[in-house]
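Only one structure is covered here, and it is reproduced in the block below.
Numbering (this note's numbering), first residue to last: 1140 to 1393.
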């Protein structure tokens, strides 16, 4: 009898432990405005710790009244499928999975101009699976024998996901950090970044009329973000030191 009672007690404890483990965490919904002024953010946090995101996370574009970002947090870290969209027309911008706050597996990234697949990148092996530029012979500046020359590339140097998001981030940061009494001018910044064959970046050149030191400092800070993945260009089947270039238009905010 004692042995049977012991088995029964052990089984009850086992069931209680399973029930406790499966009990969902209590959450609370929070909403806030995005810093860009055109998005609303809606997400869940733990009731026991309102600073810890846990549950769904959504960014809604208030101009288009459509979902811009969707994903899930698990105890403060991104988890599972995350998607980001572009608008006018609505199309996918990026899609992939997070595990314990880090991107895992193969992600897809789409061109914000052509609205077609730009890159597929394996975040487990840190390898580029596909680039839409490969085989197109696009010309870019390359370092050959310590000289900067123009060559038609096998694959152009780039940023995983493209530079458009980086450009927008630079512009938004410049706007948000602008002081009220600071004179402002509209300008176009022409930016050239050396992407080395090992995936690190070298010199960053920025020029343009009315370009100021604060804007240049923001460019250098943002391009050196360690979370960015820079893709070296390839020439004749080999990775080479080469340049990616783009322009940013910044208007006056007075």
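Where is the CB? At the ideal position from N, CA and C, for every residue including glycine.
Per DSSP, residue 1229 is not a residue of any beta strand (DSSP E), being assigned neither H nor E. In the three-state scheme derived from DSSP, where H, G and I count as helix and E and B as strand, residue 1307 is classed as helix.
In the three-state scheme derived from DSSP, where H, G and I count as helix and E and B as strand, residue 1326 is classed as strand.
Looking at the DSSP output, residue 1261 shares a beta bridge with 1245, 1266. With contacts defined by Cβ atoms closer than 8 Å, residue 1223 and residue 1232 form a contacting pair. Counting the other Cβ atoms within 10 Å of the Cβ of residue 1192 gives 16 or more, which makes it buried. At the C-beta level, residue 1254 and residue 1382 stay beyond 8 Å of one another. Only buried fits residue 1371, as 16 or more other CB atoms lie within 10 angstroms of its CB.
By the C-beta criterion, the region 1351-1359 is judged not to be in contact with the region 1269-1277, since fewer than 3 inter-stretch pairs fall below 8 Å. Residue 1205 counts as exposed, since fewer than 16 other C-beta atoms from the protein chains shown sit within 10 angstroms of its C-beta.
Three or more Cβ pairs closer than 8 Å define a contact, and the region 1301-1314 falls short of that threshold against the region 1335-1342. Of 1319, 1346, 1325, 1299, the smallest CA-CA separation from residue 1245 is found for 1299.
In terms of Cβ geometry, residue 1374 and residue 1293 form a close pair [threshold 8 Å]. Rounded to whole angstroms, the separation of the alpha carbons of residue 1212 and residue 1189 is 13 Å. For residue 1328, the CB contacts under 6 Å within the same chain, skipping 5 residues up- and downstream, are 1345, 1347, 1350, 1387 in chain order. Annotation for residue 1376: 1293 place their beta carbon closer than 8 Å to its own, counting only its chain and skipping 5 residues before and after. Beta-bridge partners of residue 1166 (DSSP): 1185.
Residue environment analysis places residue 1235 among the buried positions, since at least 16 neighbouring C-beta atoms fall within 10 angstroms of its C-beta.
Beta-bridge analysis with DSSP links residue 1278 to 1291.
For residue 1362, the three-state secondary structure derived from DSSP is helix. Here residue 1297 is actually not in contact with residue 1333; their C-beta atoms are around 13 Å apart, not less than 8 Å. Looking only at 1290, 1176, 1282, the smallest Cα-Cα distance to residue 1312 is reached by 1176.
Of the candidates 1214, 1184, 1171, 1187, the residue whose Cα lies closest to the Cα of residue 1198 is 1171.
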